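Student: Chains as they are written, first to last, in this note's numbering: chain V, 2 to 499; chain E, 70 to 662. Cβ atoms here follow ideal geometry from the backbone N, Cα and C, with glycine treated the same way. No experiment lies behind these values; they were computed from the predicted model shown. Below you'll find the structure I mean.
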């Protein structure tokens, strides 16, 4: 029992313990709660930092517990897991700071932050899950721990949204369970292995494998918001801004996309997927999602709803990259896991800032917003231009690798999809920027919260600016060794090693 | 030693490119605003110095930046850099003083500086991704310049510009991806070789033609240009039109492997399209009454000449060196001419002083107009007479090119004649508006750009040509470059005389953006058809599907069960502790197996 075994468990525990301790705190013990929250997030970051170093240098981190014979719970860290874990750990810290400022003075904060931590715990578990069973356990935990966050406000609208959310995700979970049981019956206990874990399955079970793949993608596709399973996401945007940020950038949607990556790379393996002709339909489904959701986003006046449809579209870039196969497309898909997270969390932070400070919730109310909140709108611009794919922002790097990758595997039809998505993204983001920068602000403004020296509370502004700068830096410094791109290259290199 | 000087070069290059952008950012901070304002016109000076002093082998690789940034300066790059930097410097000076009373001056200058970095960076970029980076910066920053006035019309023009520009960006990205993928790398020198043999090079050529064509306003992609340039402030129109030809030529040279590409049908299409475009926009431009709109059409006609040259180069491999050389000369001459014309509109409107000063301004305008009209035949004649006579196997293209360019130049001369009639400073305030004062900060930059233009012409004519050609060829050269301008002038003069004598009903001006009207009409018809024949006949509306799905999931039975379950779940104490218990057991089991 050495530190290498402990570390993944410690990362998971760091937020679990935080969450549990917060539940035990009284509602008015704000200072203690803040200290706990930040301490948990920072301790986790330290652990994650150590593990990042270790994974680069070939350490193997694995913790295993046998529940029943042949039924193990495994937490293991490979390069792919670390990509997701690092993203979650960094964004968790920032979202916590943001949420502390956002919820200042509102009721039920212990409940909120308790579940908030548990939600991150589940995400960490999903990332480290070494086999399907562990993955499933944490995946369902995620569903249950996010529900109280979605309905946090307790209004009719949020309860309805929570209901929709539960129906979709529990349904998805059930399908996932069926697939897992079937696969276990067929192939025995399988663990995620680089290059695929199902090579030993007999050829006569091809049909079954295809069906299992479809079920797995169907189950995961609910959280990954693949069309037509995406309906819950735009509804769930009634949640408070930090929750939306978490849902869209770190936890739920990403868990689905991450699951798809695991299934394609480490369960079936890209070779087997290609052999069973599974990747092409998945890629087409992702392309359809990208375009359909972008078109829907055009028609939303509610800012957060527009952002929600944009998430549906952008997360499918990850699926697209993974489904296309080949090193370059995979790099594009994997790196978008981080890029989309950082850009979208920026946009949701900004939407929260605008709503809290100026009372702006609709795109049609955004005239002159840049004059009233220049820093927030600067961050918003970085996120929005990045989503469109304007160089040198993070989104361009994704598109570049997806485009090159699609040509590498002779799937040229992806290029027009990327171009159309660029145009649609421009069509729903640029009018917002135009209104904010070039139109005069309304003379009779909506109710504005009192402000200090800066445009809004520092706890809201600083995380927004940090994520905005990261979405610029991830693209501008993509060539450095510490960039997400470099890490995605490392994963692809290990996955496609000849 | 060599390492140190290499690093020094790298630093100098980077500073030259990003200094304007950094100034634009500094302008966001209130305390630094005054400094930005006073430094903005000098931001291009490091680039200018680099263009004049930098060695021929100036390259910098920055693998850690973006997707690996490769910067460098080749022979045409040197020329473009000097001209571009001069234009940005002096138009910047002009902008500072011309916008003195404008409340949004700082914002304008910020966008000006950002565009400047884009425009300079394009010249240095030596790989596809870096090129796209600076191209995009210029595209988006130019939007801020175009919509500066903030009127509804300006916003409409800006929207149109941005819509087309984003389409152009998307197409260029596709072209860049295709080339980079086929060539196995994004650097221009490897790219050209790889692309010349790529099976889908036709797609790439089409994408680049449309993508860059939108930027420089090739007919029929030009519809954004006349409204945008006529509604932007004069300084913006001057700098955008002054740099757009250079950017366009550079874009074509960098993204299309003209030297390596086998002869293709694209060439003929491009040349004929360009030529037809020139005559079309001359006709459109002649009906205009706003001199700035007319200049927009003149800009498009110059882009047309670029297209003709490019087409010939693509179609006739033997003529390539000649044509490209003549296009370089042409661009270097027309760019300052266009800038001077736009600045001249402002100056002519402002001149209410003595008759001699008005006459001086009028001559300046006439000089610029003459240069613009003569640029194309002159640059072509210089190179053509110089080289074709030395290479006896004249390609069949040479004559065709010469004649088409000369006839196009007649058209441009007509446009310029009409422009002079419209703008000639009579000392009366136009539109009843009070004219802005005509300070030294306004006329001096104009004079400098006029000098740049004239010296370019002399440089081309004397240093390059007369120095190297036998005197026997001089008459052909002079005749070839002068007759179109002379014929055009004669036509304008006689038309003007007739109109003065007998009166003349000016035709109704065609709205700026001409083809746009047709496009809008088609779109209206299309929308009506789509509604009548598609949407109304669908059994289920798209929104209908969604609402039915919601009905299913919120059925009455399901609802009541769910509401109960939800209330239970809503008690966080229950959930929290159940979850806690399970999670703790699991993690304990994992740590102590």
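If residue 388(E) sits next to residue 394(E), beta carbons under 8 Å apart, how far is it from one beta carbon to the other, in whole angstroms?
Tutor: Here residue 388(E) is taken as the residue at index 319 of the second chain, counted from 1. Here residue 394(E) is taken as the residue at index 325 of the second chain, counted from 1. About 11 Å; that fails the 8 Å criterion.
Student: For residue 398(V), which residues in chain E fall below 7 Å Cβ to Cβ?
Tutor: To locate residue 398(V), count along the first chain from 1; it is residue 397. Those within 7 Å of residue 398(V) in chain E are 136.
Student: With respect to the beta strand (DSSP E) encompassing residue 65(V), which residues constitute its N-terminal and C-terminal limits?
Tutor: Locating residue 65(V) in the first chain gives position 64, counting from the first residue. Where residue 65(V) is concerned, the enclosing beta strand (DSSP E) stretches over 62-69.
Student: Identify, in the order they occur along the chain, each residue of the same chain with its Cβ nearer than 6 Å to the Cβ of residue 307(E), setting aside the five sequence neighbours on each side.
Tutor: Walking along the second chain from the start, residue 307(E) turns up at place 238. The answer, listed in chain order, is 160, 408, 411, 412.
Student: Quick one: which unbroken alpha helix (DSSP H) runs of 4-plus residues sit fully inside the segment 298-333 of chain V? Chain order, please.
Tutor: Correct list: 304-325.
Student: If the cut is a Cβ gap below 9 Å, which residues of chain E does residue 478(V) touch?
Tutor: Residue mapping note: residue 478(V) aligns to position 477 of the first chain, counting from 1. Within chain E, the residues near residue 478(V) are 133, 134, 135.
Student: Write down the C-beta distance between residue 363(E) and residue 357(E) rounded to the nearest angstrom, noting that I regard them as a contact closer than 8 Å.
Tutor: The residue given as residue 363(E) occupies position 294 in the second chain. The residue given as residue 357(E) occupies position 288 in the second chain. About 4 Å; that satisfies the 8 Å criterion.
Student: Return the chain-ordered list of same chain residues with a C-beta closer than 8 Å to the C-beta of residue 158(V), the five sequence neighbours on each side being excluded.
Tutor: Working through the first chain from its first residue, we reach residue 158(V) at position 157. Around residue 158(V): 239.
Student: Using the rule of at least 16 other Cβ atoms within 10 Å of the residue's Cβ for burial, across every protein chain shown, is residue 114(V) buried or exposed?
Tutor: As a working mapping, residue 114(V) is identified with position 113 in the first chain. That one is buried.
Student: Any beta carbon from chain V within less than 9 Å of residue 251(E)'s own beta carbon?
Tutor: The residue given as residue 251(E) occupies position 182 in the second chain. Closer than 9 Å: yes.
Student: Using a Cβ-Cβ cut-off of 6 Å (strictly less than) and excluding sequence neighbours within five positions of residue 63(V), which residues of its own chain qualify?
Tutor: Taking the first residue of the first chain as position 1, residue 63(V) is located at position 62. Closer than 6 Å at Cβ, skipping near neighbours: 77.
Student: Output needed for residue 267(E): all residues of its chain with C-beta closer than 6 Å, excluding positions within five of it in sequence on either side, in chain order.
Tutor: One-based indexing of the second chain puts residue 267(E) at position 198. Closer than 6 Å at the Cβ level, and outside the excluded window around residue 267(E), lie 251.
Student: Cutting at 6 Å between CB atoms, please list the residues of its own chain near residue 290(V), excluding the five before and the five after it.
Tutor: Taking the first chain and counting its residues from 1, one reaches residue 290(V) at position 289. Cβ within range, chain order: 227, 228, 317.
Student: Give me the residue from 252(V), 198(V), 127(V) with the minimum Cα distance to residue 266(V).
Tutor: By 1-based counting over the first chain, the position of residue 266(V) is 265. Measuring from the Cα of residue 266(V), the nearest candidate turns out to be 198(V).
Student: Can you check DSSP and say which residues form a bridge with residue 132(V)?
Tutor: By one-based count along the first chain, residue 132(V) stands at place 131. BP columns for residue 132(V) point to 192(V).
Student: Quick one: what does DSSP say residue 202(V) is sitting in, helix, strand or coil?
Tutor: Here residue 202(V) refers to the residue found at position 201 when the first chain is read from its first residue. Looking at residue 202(V) - three-state DSSP - the assignment turns out to be coil, as it is neither helix nor strand.
Student: Quick one, are the C-beta atoms of residue 483(E) and residue 355(E) less than 9 Å apart?
Tutor: The residue given as residue 483(E) occupies position 414 in the second chain. The residue given as residue 355(E) occupies position 286 in the second chain. Yes, Cβ-Cβ distance for residue 483(E) and residue 355(E) is below 9 Å.
Student: Checking 9 Å against the spacing of the C-beta atoms, do residue 163(E) and residue 510(E) come in under that value?
Tutor: Here residue 163(E) refers to the residue found at position 94 when the second chain is read from its first residue. Here residue 510(E) refers to the residue found at position 441 when the second chain is read from its first residue. Yes, they are a contact pair.
Student: Where DSSP assigns a beta bridge to residue 73(V), which residues make up the other side?
Tutor: What you label residue 73(V) is simply residue 72 of the first chain in a count that begins at 1. Per DSSP, 67(V).
Student: What does residue 488(V) touch in chain E if you count any residue whose Cβ is under 9 Å from its own?
Tutor: For this step, residue 488(V) is matched to residue 487 along the first chain. Going along chain E, no residue has its Cβ under 9 Å from residue 488(V), so there is no contact; the nearest lies around 15 Å.
Student: Can you tell me which of 58(V), 429(V), 89(V), 230(V) puts its alpha carbon nearest to the alpha carbon of residue 363(V)?
Tutor: For the purposes of this step, residue 363(V) is taken as the residue at position 362 of the first chain. Per the Cα distances, 429(V).
Student: Relative to the C-alpha of residue 188(V), which residue among 195(V), 201(V), 326(V), 179(V) is closest?
Tutor: If you number the first chain from 1, residue 188(V) lands on position 187. When only C-alpha atoms are compared, the closest one is 201(V).
Student: Closer than 9 Å by beta-carbon distance: list the chain E residues that pair up with residue 404(V), in chain order.
Tutor: By 1-based counting over the first chain, the position of residue 404(V) is 403. Those within 9 Å of residue 404(V) in chain E are 242, 243, 245, 246, 247, 249, 250.
Student: Excluding the five sequence neighbours on either side, which residues of its own chain have a C-beta within less than 8 Å of the C-beta of residue 467(V), listed in chain order?
Tutor: Mapped onto the first chain, residue 467(V) falls at position 466. Here residue 467(V) has 95 as same chain residues with Cβ atoms under 8 Å from its own Cβ, once five neighbours each way along the sequence are excluded.
Student: Identify every residue that forms a DSSP beta bridge with residue 141(E).
Tutor: Here residue 141(E) refers to the residue found at position 72 of the second chain. Bridge partners of residue 141(E): 128(E).
Student: Determine the burial state of residue 61(V): buried for a count of at least 16 other Cβ atoms within 10 Å of its Cβ, exposed for fewer.
Tutor: Along the first chain, read from residue 1 onward, the residue named residue 61(V) stands at position 60. So residue 61(V) counts as exposed.
Student: What residues in its chain sit with their C-beta under 6 Å from that of residue 353(E), if we drop five residues either side in the sequence?
Tutor: Position 284 of the second chain, counted from the first residue, corresponds to residue 353(E). Closer than 6 Å at the Cβ level, and outside the excluded window around residue 353(E), lie 366, 579, 583.
Student: Can you pull the DSSP bridge partners for residue 78(V)?
Tutor: Counting from one through the first chain, the residue named residue 78(V) turns up at place 77. Answer is 62(V), bridged to residue 78(V).
Student: In whole angstroms, what is the alpha-carbon distance linking residue 1(V) and residue 167(V)?
Tutor: A query on residue 1(V) cannot be resolved here, the shown segment of chain V reaching from 2 to 499 and no further.
Student: Which residues in the same chain have their Cβ closer than 7 Å to the Cβ of residue 560(E), if we skip the five residues on either side of it in sequence?
Tutor: For the purposes of this step, residue 560(E) is taken as residue 491 along the second chain, with counting starting at 1. The residues are 483.
Student: Check whether the segment 173-189 of chain V touches the segment 132-147 of chain V, taking contact to mean three or more Cβ pairs, one atom from each stretch, closer than 8 Å.
Tutor: Judged by Cβ distances under 8 Å, the segment 173-189 of chain V makes contact with the segment 132-147 of chain V, as three or more pairs qualify.
Student: When DSSP builds the beta bridges, which residues end up paired with residue 256(E)?
Tutor: For the purposes of this step, residue 256(E) is taken as the residue at position 187 of the second chain. According to DSSP, which records beta bridges pairwise, residue 256(E) is partnered with 196(E).
Student: Runs of 4 residues minimum, wholly inside the segment 217-299 of chain E: which ones carry the alpha helix (DSSP H) assignment?
Tutor: As far as the segment 217-299 of chain E is concerned, its whole alpha helix (DSSP H) runs of at least 4 residues are 221-252, 257-265, 270-285.
Student: Where DSSP assigns a beta bridge to residue 363(V), which residues make up the other side?
Tutor: Walking along the first chain from the start, residue 363(V) turns up at place 362. Beta-bridge pairing links residue 363(V) to 303(V).
Student: Have a look at residue 232(E) and residue 97(E) and give me their C-alpha separation to the nearest angstrom.
Tutor: Locating residue 232(E) in the second chain gives position 163, counting from the first residue. Locating residue 97(E) in the second chain gives position 28, counting from the first residue. Roughly 27 Å separates the two Cα atoms.
Student: Do residue 371(V) and residue 379(V) have their C-beta atoms closer together than 9 Å?
Tutor: Position 370 of the first chain, counted from the first residue, corresponds to residue 371(V). Position 378 of the first chain, counted from the first residue, corresponds to residue 379(V). Yes, Cβ-Cβ distance for residue 371(V) and residue 379(V) is below 9 Å.
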